[in-house]
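Each residue of the sequence shown is one higher than the one before, starting from 28 at the first, in the numbering used here. Glycine residues also receive a C-beta, built at the ideal position from the N, C-alpha and C atoms.
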Amino acid sequence: MRNYFLLLTVVLLSLSTFAQNKKSFLLKGEIEKLQKGDTLLLYPIAIFKFEKENERQTLISTQENTFSFTIPTKHSQYYELIYSSKNNNENYRFSFFVKPGDTISLTKKKDSLSSIKGGVYNLPIYARFAKLSFLRKHKDEVISKKIEEATKNNDKETAKQLYEEYIKLQNDLTHYNLRDSIAKNVKDNEFAVFMYLSISHSWNYQQGKTHYQQLHSKIKSSYYGKILAQTLKKEQKVSAGAQAPKFTLTSSTGKKVSLSDYKRKYLLMYYWTPLCGACISTRPEIDSIYEKYAKQLDVLSITTSPKETHLEQQAHLFKTEGMKEKYLDPPFNKPWNLVFTSDEKNAKALEVYRLQMFPTLTLISPEGKILFRTYTDTQGLKAILNKHLM
28 MRNYFLLLTV VLLSLSTFAQ NKKSFLLKGE IEKLQKGDTL LLYPIAIFKF EKENERQTLI
88 STQENTFSFT IPTKHSQYYE LIYSSKNNNE NYRFSFFVKP GDTISLTKKK DSLSSIKGGV
148 YNLPIYARFA KLSFLRKHKD EVISKKIEEA TKNNDKETAK QLYEEYIKLQ NDLTHYNLRD
208 SIAKNVKDNE FAVFMYLSIS HSWNYQQGKT HYQQLHSKIK SSYYGKILAQ TLKKEQKVSA
268 GAQAPKFTLT SSTGKKVSLS DYKRKYLLMY YWTPLCGACI STRPEIDSIY EKYAKQLDVL
328 SITTSPKETH LEQQAHLFKT EGMKEKYLDP PFNKPWNLVF TSDEKNAKAL EVYRLQMFPT
388 LTLISPEGKI LFRTYTDTQG LKAILNKHLM
């Protein structure tokens, strides 16, 4: 009898620990020069505003060089961990996917790549994706620091060369290609669903619906599986063939702009930002499309904020000779209505259009029907325009 009660106690304790593990995850790691009392900020990353994300956490290091925290969690989540030393000499960022019950181990040593182990990253394909992501981020940080230093020293020639290198890096799609491959081909992993959601700009409603139907039943019932189901309902409203949602916006000149203003022409809604690599590469295509169909087509230019804001936020880049004239001025100097999503009323009015990524192109007919939505498929856009306007 005594042995029976002892066994029962062990079983109950094990079940209690299991239940507790399913409501938290262990985050540990090693950061060179981490000091006792340093702050680590843990941010949940939400792809869409309607997500019920986990709470942000402020973590205080209790020892040097290593850390270990048990983090409460309601569901699977993609996080960013930000470390800034007390004197601000060191600043590191880690992005990772985690499920309740996981143990995630992060490592960062000065002048070396970050690394991650545990959870989904024990699988080779996700470990490779993490390595490529860390490599891309490391190169970005190194070049940005060199540009800042060259600009500070008034070395215009070096700064210009480095900036061209920076733009080239933005167009390096190696880790994005791997992400896209995982997202579109893996049907039995929740992280792959998160990736699929993160590239929602690249698939239409019908493609998304087909992908969802092919998911493993367990993945459909997961947190991100349910988010995908909700996303498809929203995507259906702005898919090809749907009636374009009405809007009234305030342009950069203070003019009111409504969908009904374009009822005699085809309308291309063009969502962009100055330094987005894909925006830079598609910009000449948009210009040529407009020039060809100007009598029958109008463009509504949508970006985050005024030119002055970009100049202020990325001053070290645009101080480089020729960079402002080449990358910042042209997109702001177009004969189109220009609206900013930094205007809260504009952002609210455009929310239904799901402008998640740069660039996003939405073609609307004079009758108010959505004909085409794409990210960078300007050839597909041209084909649709040729069909309707030639």
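Shown here, residue 145 sits in coil according to DSSP, grouped into three states, outside any helix or strand.
For the pair of segments examined, the segment 272-283 was found to touch the segment 361-376: the number of CB pairs separated by less than 8 Å reaches three.
Closest by C-alpha distance to residue 289, out of 405, 126, 323, is 323. Of the other Cβ atoms in all chains shown, 16 or more fall within 10 Å of the Cβ of residue 271; this residue is therefore buried. In the same chain as residue 85, and ignoring 5 residues on each side of it, the C-beta atoms closer than 7 Å to its own belong to 66, 68, in chain order. Ranked by how close their Cα comes to the Cα of residue 91, the residues 63, 152, 333 have 63 in first place. Annotation note: the segment 135-190 contains the following uninterrupted alpha helix (DSSP H) runs of length 4 or greater, listed N- to C-terminal: 151-179. For residue 109, the uninterrupted beta strand (DSSP E) run begins and ends at 104-111, by DSSP. CA-CA distance, residue 389 to residue 311, rounds to 17 Å.
Check the Cα spacing between residue 130 and each of 147, 266, 101, 140: the tightest is with 147. Ranked by Cα distance from residue 387, the options 161, 330, 233, 253 are led by 330. Under the DSSP assignment, residue 364 falls outside any alpha helix (DSSP H), being part of the beta strand (DSSP E) whose first and last residues are 364-367. Residues 196 of the same chain have their beta carbon placed closer than 7 Å to that of residue 167, with the five preceding and five following residues left out of the count. Judged by DSSP secondary structure, residue 314 falls within the alpha helix (DSSP H) whose first and last residues are 304-320.
Looking at the DSSP output, residue 56 sits in a beta bridge with 94, 133. The C-alpha of residue 235 lies about 24 Å from the C-alpha of residue 309.
Within the DSSP secondary-structure output, residue 71 pairs in a beta bridge with 106. Assignment of residue 285 by DSSP, reduced to helix, strand and coil, places it in the strand class.
Between residue 395 and the set 294, 282, 179, the nearest pair of CA atoms involves 294. DSSP, reduced to helix, strand and coil, places residue 295 within a strand of the structure shown.
When beta bridges are read from the DSSP output, residue 199 appears opposite no residue.
For residue 124, there is no enclosing alpha helix (DSSP H); the enclosing beta strand (DSSP E) covers residues 118-125. Residue 263 and residue 211 have their C-alpha atoms spaced approximately 19 Å apart.
Apart from the 5 residues on each side of it in sequence, residue 53 sits with its Cβ closer than 8 Å to the Cβ of 95, 96, 97, 98, 129, 130, 131 in its chain, given in chain order. Looking at 360, 127, 384, the one whose alpha-carbon comes closest to that of residue 303 is 384.
Shown here, residue 325 sits in a strand according to DSSP, grouped into three states. In the DSSP assignment, the residues bridged to residue 99 are 51.
Beta-bridge annotation (DSSP): residue 277 is paired with 283. CA-to-CA, the gap between residue 398 and residue 327 works out to about 16 Å. Taking C-beta atoms as the reference points, residue 343 and residue 139 fail to come closer than 9 Å.
Annotation: residue 385 is outside any alpha helix (DSSP H) and is labelled neither H nor E by DSSP. In this structure residue 60 touches residue 137 by the C-beta definition: roughly 7 Å separates them, less than 8 Å. Inter-residue distance for residue 239 and residue 107 is about 27 Å (C-alpha atoms, whole angstroms). Comparing alpha-carbon positions, the option among 149, 142, 402, 191 lying closest to residue 305 turns out to be 402.
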